[in-house]
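Colleague: Okay, here's the structure, questions in a sec.
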Amino acid sequence: CCPRRIRRILDKNIKFHRMCAYMIVLMTLIHYFAHSFNVDFFTSAYTSKILVTDSNSVIQRKRLVARLIQIGNAPNETYLNPIRSNVVGTFYHFSVGAVFLLTGGWTGVIITLSLFFMVTSSVEFIRRSYFEVFWFTHHLFIVFYGFLVVHGISMQVRGQTAASLLVHDPKRCSLINPALWPQNNCPTPVFAGSAPMTWKWVIAPMVLYVIERIIRLVRFNQQVEILKVIKHPSRVIEIQMRKKGFNAEVGQYVFIMCPQLSQLEWHPFTLTSAPEEDYCSVHVRIVGDWTTGLSKVLPSWKMPKLAIDGPFGTASEDVFNYPVAICVGSGIGVTPFASLLKSVWYVMYKNLNPEHEMVLKKVYFFWICPETHAFEWFGDLLAYLERQLAEIGRQDLIEYHIYLTRGWDHKQAKTIYAHEEDSRDVITGLEQKTNYGRPNWDEIFSKTAQSHPNTHVGVFFCGVAALSAKVGVWCCTKFSNSNNRKISFHYNKENF
Amino acid sequence: MWANETALLGSYVLSIGGIIGIMGGLLKNFMFWLPIGIYGLIFGIILVILEYPRGRKNKGNTAERRFQSCTATLLTKLPFVDNYYFRAIAYFIVCIPSAIIVPTLLGSVFVIIGSGIYLGAACHNEKWAPVSARTEVRSQSADVTQPPSRPPPRLPQNVNNPNQI
Numbered sequence: 001c002c003p004r005r006i007r008r009i010l011d012k013n014i015k016f017h018r019m020c021a022y023m024i025v026l027m028t029l030i031h032y033f034a035h036s037f038n039v040d041f042f043t044s045a046y047t048s049k050i051l052v053t054d055s056n057s058v059i060q061r062k063r064l065v066a067r068l069i070q071i072g073n074a075p076n077e078t079y080l081n082p083i084r085s086n087v088v089g090t091f092y093h094f095s096v097g098a099v100f101l102l103t104g105g106w107t108g109v110i111i112t113l114s115l116f117f118m119v120t121s122s123v124e125f126i127r128r129s130y131f132e133v134f135w136f137t138h139h140l141f142i143v144f145y146g147f148l149v150v151h152g153i154s155m156q157v158r159g160q161t162a163a164s165l166l167v168h169d170p171k172r173c174s175l176i177n178p179a180l181w182p183q184n185n186c187p188t189p190v191f192a193g194s195a196p197m198t199w200k201w202v203i204a205p206m207v208l209y210v211i212e213r214i215i216r217l218v219r220f221n222q223q224v225e226i227l228k229v230i231k232h233p234s235r236v237i238e239i240q241m242r243k244k245g246f247n248a249e250v251g252q253y254v255f256i257m258c259p260q261l262s263q264l265e266w267h268p269f270t271l272t273s274a275p276e277e278d279y280c281s282v283h284v285r286i287v288g289d290w291t292t293g294l295s296k297v298l299p300s301w302k303m304p305k306l307a308i309d310g311p312f313g314t315a316s317e318d319v320f321n322y323p324v325a326i327c328v329g330s331g332i333g334v335t336p337f338a339s340l341l342k343s344v345w346y347v348m349y350k351n352l353n354p355e356h357e358m359v360l361k362k363v364y365f366f367w368i369c370p371e372t373h374a375f376e377w378f379g380d381l382l383a384y385l386e387r388q389l390a391e392i393g394r395q396d397l398i399e400y401h402i403y404l405t406r407g408w409d410h411k412q413a414k415t416i417y418a419h420e421e422d423s424r425d426v427i428t429g430l431e432q433k434t435n436y437g438r439p440n441w442d443e444i445f446s447k448t449a450q451s452h453p454n455t456h457v458g459v460f461f462c463g464v465a466a467l468s469a470k471v472g473v474w475c476c477t478k479f480s481n482s483n484n485r486k487i488s489f490h491y492n493k494e495n496f
Numbered sequence: 001m002w003a004n005e006t007a008l009l010g011s012y013v014l015s016i017g018g019i020i021g022i023m024g025g026l027l028k029n030f031m032f033w034l035p036i037g038i039y040g041l042i043f044g045i046i047l048v049i050l051e052y053p054r055g056r057k058n059k060g061n062t063a064e065r066r067f068q069s070c071t072a073t074l075l076t077k078l079p080f081v082d083n084y085y086f087r088a089i090a091y092f093i094v095c096i097p098s099a100i101i102v103p104t105l106l107g108s109v110f111v112i113i114g115s116g117i118y119l120g121a122a123c124h125n126e127k128w129a130p131v132s133a134r135t136e137v138r139s140q141s142a143d144v145t146q147p148p149s150r151p152p153p154r155l156p157q158n159v160n161n162p163n164q165i
């Protein structure tokens, strides 16, 4: 629906979220330190005394302050200083006490503490190693926004009203002894506070969020039928499911929840099924406690209830819009491309008629992993696709390169050397030989630039951040407009 | 671990609060802020130095902070610092004086929360240990050598494969 540039900006949602968070932290600090001066002005106004050594201007200022804090005590008067002298207790007159007793103060304390917990548990170290700490403290945003909206409700930042400014000029009257104000045409000033404004800014996103949670609740109650559970080698289970009204695009992901395991946890999984299939499947690798629990309850005679929220979009949806696509997956990041490659085969199969040619003409697929352990199912998928494409004579559509980056021992080297002449690779069984070591991106991109001049090439990446940085740099800065070949590489990265 | 993050952020805010306290303390109206501001800044910096090196996780690899090794060696030489009870009580006592003026109040409250989390960690018998060198995760097959710098021997027709380093 939207042009490509806008869609690619939406892919950077997590980055935007972080930028907002940094800005909130910075502004909170500035706001707090500014108000710390403010609060001290309010409280010290009650303890200032005129000393013998004061100069005239200092005496005038102290008299002014003494008068200003009195305004508001008489009936029909409005006050300037939110700390009123008739409040019981000296704690209020101590600036730290005022922080906790003013409405703006204690709501501010609650807001800042929630922000503090959210920020400290969002650092990458805590997210990667202690995810539950991050997840549950991050829900403090509800407290944060709730109290943020009421933070200014007592209207404690006050100033003269516009009407009062017309009759009482502060520039002139502040230099006159307040005791002599009535004679000098300085009527008692009238003060008012400014109304809270924050809710105007946050109401729209808050409503959108509430709608999204309601949708999740509705989806929770929709029935998910588990069709098949397949246990693959290396602790991977494939779950094939069906849900009424569920339609996904290529490479999208869903959140899965199993009430039997945990009422609160929704875990994201990339869909490995193509949209053309009549079921949706995910491949789950058994790594942590939730997935281990899942492997224990599936399969069984009485399948547990599962709930799916989604599908949610990712960068990989746009693959069919480019004439040439380079897909790079590292390790577990290869899963969105399972869906993609299957879908390419289905679309190809349906569009053998040259009138309905796809925009996508060529897919280069790079799979980089330390070893193929845990991804045998993907190797099988590639072998299957290879055969299917050869059957319809389009095996040149997908060109794939597999790189095993972990070293090899001498026994493996012997086996590889002995089977060098075989038509199929000894490790994967595919026609393309497995490469050992890391890809040479320089060569890969320049070769692609030479074979496809004048085209927009989509580069899709799903994997570790270090590799993403490298590929992104090579692709976008070095080759985008090189050699006048008018080839442009568009880099799309999935959140990993 | 989380206590370390909270105490570190708290000590940054305490230092900034100390700077603000000093700047305000130079004004005539807020002279009372000056000594507390200096106190906040000094102890803020000391806490940053103590908290910056991340301790070792009980299992798995620990991601170090950048340049953490400079202060980590200092920490191994100081007594008591690896005991979390000590950290909890010491941080609590240090932050009470700086909580009396508003600029340093924020940092002090954060560090006191960090000390509370440290107390919880100490009750679980956690300690600070320096991060040792990364332990390599070996695959199950025996004697896998390091990834070599040259490609494996290939027959002559495949030797000019440009897709490989």
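Protein chains in written order, with full-length UniProt numbering: chain L, 1 to 496; chain W, 1 to 165. C-beta: ideal position from N, C-alpha, C; glycine also. Given the structure is predicted, the values throughout are model-derived calculations rather than measurements.
CA-CA distance, Leu10 of chain L and Leu208 of chain L?
Modeller: Cα-Cα distance, rounded: 16 Å.
Colleague: What did DSSP end up calling Ala45 of chain L once you bin it into helix, strand or coil?
Modeller: Correct three-state label for Ala45 of chain L: coil.
Colleague: Identify each residue in the region 111-133 of chain L for which the Cβ-Cβ distance to at least one residue of chain W is less than 9 Å, and report them in chain order.
Modeller: Across the region 111-133 of chain L, CB contacts with chain W closer than 9 Å involve Thr112, Leu113, Phe116, Phe117, Val119, Thr120, Ser121, Val123, Glu124, Phe125, Ile126, Arg128, Ser129, Tyr130 and Val133, in sequence order along the chain.
Colleague: Specify whether the region 25-35 of chain W and the region 154-166 of chain L touch according to this definition: at least 3 beta carbon pairs, one from each stretch, less than 8 Å apart.
Modeller: no
Colleague: Kindly list the residues whose CB is nearer than 7 Å to the CB of Val150 of chain L, restricted to its own chain and excluding five residues on each side of it in sequence; keep chain order.
Modeller: Thr107
Colleague: Are any of the Cβ atoms in chain W nearer than 9 Å to that of Ser95 of chain L?
Modeller: Yes - at least one Cβ of chain W is within 9 Å of the one on Ser95 of chain L.
Colleague: Tell me the DSSP secondary structure of Asp442 of chain L in three-state form.
Modeller: helix
Colleague: For residue 176 of chain W, tell me which candidate among W:Tyr91, W:Ile46 and W:Gly21 has the shortest Cα-Cα distance.
Modeller: Because chain W here runs from 1 to 165, residue 176 of chain W falls outside it and cannot be looked at.
Colleague: Name the DSSP beta bridge partners of Arg285 of chain L, please?
Modeller: Paired residue(s): L:Val236.
Colleague: At a CB-CB cut-off below 8 Å, which residues of chain W make contact with Tyr32 of chain L?
Modeller: Leu106
Colleague: Using the rule of at least 16 other Cβ atoms within 10 Å of the residue's Cβ for burial, across every protein chain shown, is Trp345 of chain L buried or exposed?
Modeller: buried
Colleague: Using a C-beta cutoff of 9 Å, does Glu5 of chain W count as contacting chain L?
Modeller: Chain L, which has a Cβ nearer than 9 Å to the Cβ of Glu5 of chain W, makes this yes.
Colleague: Checking 9 Å against the spacing of the C-beta atoms, do Gly107 of chain W and Ser11 of chain W come in under that value?
Modeller: Inclusion of Gly107 of chain W and Ser11 of chain W in the CB contact set at 9 Å is warranted, their separation being smaller than that value.
Colleague: For my contact list, Ile239 of chain L and Val284 of chain L are in at a C-beta cut-off of 8 Å; report their separation, rounded to the angstrom.
Modeller: Cβ-Cβ separation between Ile239 of chain L and Val284 of chain L: approximately 7 Å, consistent with a contact (criterion under 8 Å).
Colleague: Do we get a CB-CB distance below 9 Å when we pair residue 497 of chain L with the residues of chain W?
Modeller: In the structure displayed, chain L extends from 1 to 496; residue 497 of chain L sits before or after that span and is not available.
Colleague: Cβ atoms of Asp309 of chain L and Ile211 of chain L: under 9 Å apart, would you say?
Modeller: In this structure, Asp309 of chain L does not lie closer than 9 Å to Ile211 of chain L by Cβ.
Colleague: Thinking just about the alpha-carbon of each residue, which of L:His35, L:Pro178, L:Arg219 and L:Phe337 is nearest to the one in Leu385 of chain L?
Modeller: L:Phe337
Colleague: Would you list, in chain order, the members of the region 40-51 of chain W that have their beta-carbon closer than 7 Å to a beta-carbon of chain L?
Modeller: none
Colleague: According to DSSP, what are the bridge partners of Val459 of chain L?
Modeller: L:Ile326 and L:Tyr491
Colleague: Relative to the C-alpha of Arg56 of chain W, which candidate in W:Leu50, W:Glu64 and W:Ile49 has its C-alpha closest?
Modeller: W:Glu64
Colleague: So which residues of chain L does Trp2 of chain W contact, with C-beta pairs closer than 8 Å?
Modeller: Within chain L, the residues placing a beta-carbon under 8 Å from that of Trp2 of chain W are Thr120, Ser121, Ile126, Tyr130 and Val133, ordered along the chain.
Colleague: Use the C-beta contact count for Tyr92 of chain L: other C-beta atoms within 10 angstroms, 16 or more gives buried, fewer gives exposed.
Modeller: buried
Colleague: Using a Cβ-Cβ cutoff of less than 7 Å, which residues in the same chain neighbour Pro233 of chain L once the five nearest sequence positions on both sides are dropped?
Modeller: Only residues of its own chain outside the window of five on either side were considered, and among them Glu376 have a CB closer than 7 Å to the CB of Pro233 of chain L, listed in chain order.
Colleague: Under 8 Å Cβ-Cβ, which residues of chain L neighbour Asn29 of chain W?
Modeller: Asp40, Phe41 and Ser44
Colleague: Using a Cβ cut-off of 9 Å (strictly closer), state whether Phe37 of chain L contacts chain W.
Modeller: yes
Colleague: May I ask which residues mark the beginning and end of the beta strand (DSSP E) holding Asp396 of chain L?
Modeller: Taken as a continuous stretch (DSSP letters only), Asp396 of chain L belongs to no beta strand (DSSP E), as it is neither H nor E.
Colleague: Counting contacts by CB-CB distance shorter than 9 Å, is Val99 of chain L in contact with chain W?
Modeller: Interface annotation, Val99 of chain L: in contact with chain W, CB-CB separation under 9 Å.
Colleague: In chain L, which residues lie less than 7 Å from Ala122 of chain W when you measure between Cβ atoms?
Modeller: Within chain L, no residue comes near Ala122 of chain W; the closest Cβ sits about 17 Å away, beyond 7 Å.
Colleague: Would you list the residues sitting across from Phe255 of chain L in a DSSP beta bridge?
Modeller: Paired residue(s): L:Pro268 and L:Asp309.
Colleague: Just curious, the beta strand (DSSP E) that Val363 of chain L is in, first and last residue?
Modeller: Lys362 to Cys369
Colleague: Please work out which residues of its chain come closer than 6 Å, Cβ to Cβ, to Ser154 of chain L, disregarding the five sequence neighbours upstream and downstream, and give them in chain order.
Modeller: Thr103
Colleague: Show which residues of chain L have a CB atom less than 7 Å away from the CB atom of Gly24 of chain W.
Modeller: Phe37
Colleague: Using DSSP bridges, identify the partner residues of Gly193 of chain L.
Modeller: L:Arg158
Colleague: List, in order along the chain, the chain W residues whose C-beta lies closer than 7 Å to that of Leu102 of chain L?
Modeller: Within chain W, no residue has its beta carbon less than 7 Å from that of Leu102 of chain L; the closest one is some 12 Å off.
Colleague: In this structure, how does DSSP classify Val334 of chain L when only helix, strand and coil are distinguished?
Modeller: helix
Colleague: Quick check: what's the CA-CA separation for Val159 of chain W versus Phe116 of chain L?
Modeller: The pLDDT assigned to Val159 of chain W is 48, lower than 50, so where the model puts this residue is not dependable; a value taken from the coordinates is nonetheless given after this. Taking the straight line joining both Cα atoms gives about 57 Å.
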